[in-house]
Structure formats: structure tokens, C-alpha cells
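Colleague: In our numbering, the protein residues as written are 9 to 587. Backbone N, C-alpha and C fix where the C-beta goes; we use that ideal spot for every residue, glycine too. Submitted below is the structure of interest, expressed as C-alpha cells.
Below, the structure written as C-alpha cells:
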């Protein structure tokens, strides 16, 4: 399901663009009529026939333009269908249809310009079609957009597309010039403002870029795009600590946004090249790597990230281990049982758990004594031990790792959460992990942990379990699906979606779209509210805001009120029986 559909490339220009030429308002009225007919009939053939008839009756600019636009819309639809076709024959047939409509559209637009060379709408639409055709003609599109702006410099749609062409061609200076005009013309266009700041950063105009960022943050202090750009500016102007702090803050507020984690890694690598004698910043490296690992679903890339994390942890902890490259297990266990310093004990736990040979039951029992809740120092290293325990020990360690969910330190609770998600995804134990993770959904001690818990619950509920196709595992999947559909499972999903507003850099089609159509009213309502919160955080000019304002009624009226009422009743029963 696609939640955020961009407006039609051949959408009508806003009336504020118009120059006062005699045919403009009739064209805009005709476009609105076409779009109404298209929504009503759901067929473009009727649209083409109607405007062909009108154009034959009178070769006016509006009739010719709207005939060309009807052909262009039909071409775009055929191109979309051809790209989605599953067989070669179907793809070829639809491609031929699209090519025919493209030629008809371009011929009709040529007739428009023959009758009225000042029809800047036609120049814009020709550029759109040239960019959509199979042999994408950027030069022709560029010329038509420039011509449209020569006729009407206030034609914002054409300027936006010209900016896109400049950015695609890495012509940053030209893009910045156009964006400066665009921001003056449409001051509320948040997307254009962000693009302008990014362009200014690229061309080295950092002071101007920062002034735009600060103005944006004054209005929207938590806007992720502005904070990302601020971090880039700080790093580019030599303010390394400030830039790193901005990225860390952004990542904690938006744990499902990959850019701040990548920004931290790039900044650390650049710093290492500039200052090779400076001690490695292990905590920052690990914070970024773990953030990326939480977001990654591809098994190969996950394995690569896990290897990087393990290497980094080993480099950080190795100097504190006993003398010698490879201490014996007995030496380490002796430290584990007798060392007065908790940091040494936690490092020993980590070493035991990351050895090639897995620990036996007796060793695991000795380890368990050093992982439970504590307010002692060295929480960062304790968190490492908790995460390692989950990664190495697997499902059998869930009871031990759950103890760390009650730790006073947020880093340890976060490590336990991450470990439980890993267990659920890797060891096909999602229910046990979910029941543990759900305790952190409303962690009032640390909002970051609660936000990560929401993402963990949704990841665990998404069937990313890598199950093989045999009877036992099919039965496991069926049992898990049945649990998700139960009152307990519905509450877990709804609580995870409650407050789920962390996906700031992409619209959450893959998760929210699925839950929006969930059979359970309580889950669907939670997803709907989450989408609304996300859209409310976007700048006013964002296309997704317009989409939300024009959203159609949902198929499940009132979120299946009957199902919601029944679910509430089941939940009350479940809560009353829960320990």
C-alpha cells in the first residue's frame, strides 16, 4: 500500500501563477474538469475521446492543450503498467501503447504551441513527458522548462523541475540560483528550503546555510532535516564536537532514521584521517553501528554490521583483559568471580561470550550472576555484556537478559532490548522476545528506550524471521500469527504504534500501511493516529501533507467499531487475569 502518492506530474498550475493571458483560466478550469471526470470514470479513454471531439469542434488553446494532456495522462498510466507488468509479452504490449500515446501527446502539444507560442503550460508538460519516456531526453526537457520560465518566471512547477535536473546533473551552483528564487516565490515550501540549504552547503556558503537552518529551527526546533544540515555545517566548519553532538541528539530522537548514524560514522572516519594519533571514540562508533543494525533487515548486511560491532568491542575491551593475546577460559572466569571492579567483570563476561567455543551450562550459570540489575558503575561495559549474552546465548538466555530490563541505566535497558530483538529475529522466538520487549513500550525513565521498544515490537511482528519451508516451522509461524491476532497480541501491536512517530525521513509505508488495514480495530486506529502525527510534523509544503488532507474514507468505517468494542472487552479480561 502506498500512503504518499506524489501529485500528478501533469497537475494543473496554481491560479496564483497566472499571467492574465486570455486562455489561462479556461485551461485551469478544464484541467479540474478532466481530473473530476478521471476520478469518476477511472478511464482515460473516455477523456481522450471527449477532448478529441472538442478540439475538432474548435481549435482553441484550451481544447488543444487539454487533448494533449489527456494523451499525456494515458501515456503515464501505460508506462506505469508496463513497468509493473510481470510477463515480457504484457510489458511489450503496454510499452507499445505508451509509445503511441506519447507521440500523440507530443503532436498535440506542438499544435498548442503553433496556435499559442506563449503557452508555458505546454512547455512544462512536454518536459515532463520527455523525462518519463524510455529514452529520457534531459536536454529537450531542460530547454522546454527554461522556455516556460522565460514566458512566466512565476511558474513554480517548472522551476521545481528545473532544480531537479540541475541536482541530477550535479550542477550545484545553478541549482542554488533557482532555489533562491523558488524560496522567495514560495516562502512556505519546506522542501525547497531544505534543498537550498543543502545546495549552499555543497558550494561552501556555510554562513548563509546556517542562517537558513537557524531560522527553520526557530520555527520547528525538532525538524530532522534542519538538524541533519546543521550537523553537516558544524562538521564542515571545523566544529567537530558540536556536529557530533547534533547527530547524536538527532539519532536519539529519531532512532529509525539512518542518516544521523551514517553521519556519525563519516565524521569519525574523517576525524581519524585528520588526527590519527587521537584515541578512537569507541562509544560513538558503537552507538552508530548499533543504530544501523537495528534498522537493517538484510541478513548479509546485518552480519557485516555485527562483525564490525564485535571487532570494535574487542578493540575497546582488549587492553583491560589479562596479559597475553588469548587468555585461558579459567583465567577469565577467575576474574569473573573475584575481581572487585565491575568493569573488569563485565569485560570478562564479554570475552567469554564472544569466544569461538560457546560456553557450557556451568559457565553460563556463573555469567548470569553478573548480568542482573545493579546501580554500580561501568554501565556501558555492563550493557556490552548483556548484548553479548543475547547474541551468543540465544533463546535460553531470555530470562537472564530480561533481568537487565529493570536496570537503572538506560544503556543497559537499551542493550537488553536490542538483545531480545536479536533473539526474536534470529532464533525464531518472537513471542518470548515480544512479551519481554513490551515492558519497555512506556519506559517513563528514558524516551529513547521506549521509542526503540516500539520499533523492536514492530520489527518482531513483521515476520522477518527467515523461516524455512518445512512443517514444523510452518506450524511455528501459524502459532505466532494466531498469537498476534489474539487480544494480547493486538494490545502489543497497538501499544507499539501508540506514539510511533520516529520515522522522520521516510513515510512508513511498509509498517504503518499494513497496520492501517489491520483486521483489528484497535490496531488500525493506532496506525491511523501514528500516520496523522507523522504528517503533522512535516512542513506545510510537503506533498504528503496535501495527500493526508485529501485522504479518501477508509474501507473499515469507524475502524470496524464492532471489532474495536469486542477487542476492548477481550483486553479487559486479559488484563484482569494478567499477573
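Determine the contact status of residue 423 and residue 413, defining contact as a CB-CB distance below 7 Å.
Modeller: No, these two residues do not count as a Cβ contact at 7 Å.
Colleague: Whole alpha helix (DSSP H) runs in the segment 172 to 231 with 4 or more residues, listed along the chain?
Modeller: Counting only runs of 4 or more, we get 180 to 193, 198 to 210, 214 to 227.
Colleague: With the cut-off set at 7 Å, would you say residue 8 and residue 113 are in Cβ contact?
Modeller: No answer is possible for residue 8: it lies beyond the span of the chain, which begins at 9 and ends at 587.
Colleague: Could you spell out where the alpha helix (DSSP H) holding residue 260 opens and where it closes?
Modeller: That run of the alpha helix (DSSP H) goes 248 to 261.
Colleague: Taking just the CA atoms, how far does residue 155 sit from residue 242?
Modeller: Rounded to the nearest angstrom, the two C-alpha atoms are 39 Å apart.
Colleague: Does the Cβ-Cβ distance between residue 259 and residue 299 come in under 7 Å?
Modeller: Cβ atoms of residue 259 and residue 299: closer than 7 Å.
Colleague: Since I believe residue 235 is in contact with residue 292 (beta carbons under 8 Å), could you give me their beta-carbon distance rounded to a whole number of angstroms?
Modeller: With 8 Å as the limit, residue 292 and residue 235 do not qualify as a contact, their Cβ atoms being about 17 Å apart.
Colleague: So the candidates are 86, 168, 94, 70; which of them puts its Cα closest to the Cα of residue 130?
Modeller: The candidate whose alpha carbon is nearest that of residue 130 is 70.
Colleague: Under 8 Å by Cβ, that's how I've got residue 109 and residue 82 pegged, so tell me the actual separation to the nearest angstrom.
Modeller: That belief holds up - the Cβ atoms of residue 109 and residue 82 are roughly 5 Å apart, short of 8 Å.
Colleague: Given that a residue counts as buried once 16 or more other Cβ atoms are within 10 Å of its Cβ, and exposed if not, what is residue 594?
Modeller: Here the chain covers residues 9 to 587 and nothing more, so residue 594 does not appear.
Colleague: Within this structure, are the beta carbons of residue 201 and residue 191 separated by less than 7 Å?
Modeller: Going by C-beta atoms, residue 201 is nearer than 7 Å to residue 191.
Colleague: Which whole-angstrom value is the C-beta distance of residue 237 and residue 221, which I expect to be below 8 Å?
Modeller: 5 Å between Cβ atoms; contact.
Colleague: Looking at the structure shown, is residue 265 part of a helix, part of a strand, or coil, going by DSSP?
Modeller: DSSP places residue 265 in coil when its eight states are reduced to three.
Colleague: Can you give the Cα-Cα distance for residue 149 and residue 118, rounded to whole angstroms?
Modeller: Straight-line Cα distance between these residues: approximately 14 Å.
Colleague: Note down the Cα distance separating residue 97 from residue 104, rounded to an integer number of angstroms.
Modeller: For residue 97 and residue 104, the distance between alpha carbons rounds to 11 Å.
Colleague: Identify the continuous alpha helix (DSSP H) that holds residue 26 and give its terminal residues.
Modeller: Taken as a continuous stretch (DSSP letters only), residue 26 belongs to no alpha helix (DSSP H), as it is neither H nor E.
Colleague: Should residue 90 and residue 106 be called a contact, given that it needs their Cβ atoms to be closer than 7 Å?
Modeller: In contact: residue 90 and residue 106 (Cβ atoms closer than 7 Å).
Colleague: With burial defined as no fewer than 16 other Cβ atoms inside 10 Å of the residue's Cβ, what is the status of residue 283: buried or exposed?
Modeller: With fewer than 16 other Cβ atoms within 10 Å, it is exposed.
Colleague: Hey, residue 244 and residue 214: beta-carbon distance below 7 Å or not?
Modeller: In this structure, residue 214 lies closer than 7 Å to residue 244 by Cβ.
Colleague: For residue 86 versus residue 75, is the C-beta spacing smaller than 7 Å?
Modeller: Contact: no.
Colleague: How close, in whole Å, do the beta carbons of residue 145 and residue 157 come, if the pair is a contact with beta carbons under 8 Å?
Modeller: About 18 Å separates the two Cβ atoms, so there is no contact after all.
Colleague: Out of 420, 313, 178, 125, point me to the one whose CA is closest to residue 206's CA.
Modeller: Minimum Cα distance to residue 206 is reached at 178.
Colleague: Give, in chain order, every unbroken run of the alpha helix (DSSP H) that is at least 4 residues long and sits entirely within the segment 74 to 133.
Modeller: Correct list: 96 to 123.
Colleague: Could you compute how far the alpha carbon of residue 127 sits from the alpha carbon of residue 317?
Modeller: Their backbone Cα atoms lie some 59 Å apart in a straight line.
Colleague: Between 143, 141, 133, which has its C-alpha nearest residue 169's C-alpha?
Modeller: Of the listed residues, the one whose Cα sits closest to residue 169 is 133.
Colleague: For residue 164 and residue 58, I'd like the C-alpha separation in whole angstroms.
Modeller: Near 29 Å, if we compare the C-alpha coordinates of residue 58 and residue 164.
Colleague: Can you have a look at residue 125 and say buried or exposed, based on whether 16 or more other CB atoms are within 10 angstroms of its CB?
Modeller: Counting Cβ neighbours within 10 Å, residue 125 comes out exposed, since fewer than 16 surround it.
Colleague: Can you tell which of 264, 249, 196 has the C-alpha that lies nearest to the C-alpha of residue 278?
Modeller: The shortest Cα separation from residue 278 among 264, 249, 196 belongs to 249.
Colleague: For the alpha helix (DSSP H) holding residue 368, just list the boundary residues, first then last.
Modeller: Residue 368 -> no alpha helix (DSSP H), and no H or E assigned at all.
Colleague: Residue range of the alpha helix (DSSP H) that residue 299 falls in?
Modeller: Unbroken alpha helix (DSSP H) run through residue 299: 290 to 303.
Colleague: By alpha-carbon positions, which one of 64, 370, 193, 371 ends up nearest to residue 160?
Modeller: Residue 193 is the option with its Cα nearest to residue 160.
Colleague: Helix, strand or coil for residue 545 per DSSP?
Modeller: The answer is coil: DSSP assigns residue 545 none of H, G, I, E or B.
Colleague: Within its chain, find whatever has a CB closer than 7 Å to the CB of residue 141; leave out the 5 residues flanking it on each side and keep chain order.
Modeller: Excluding positions up to five away in sequence, the list reads 110.
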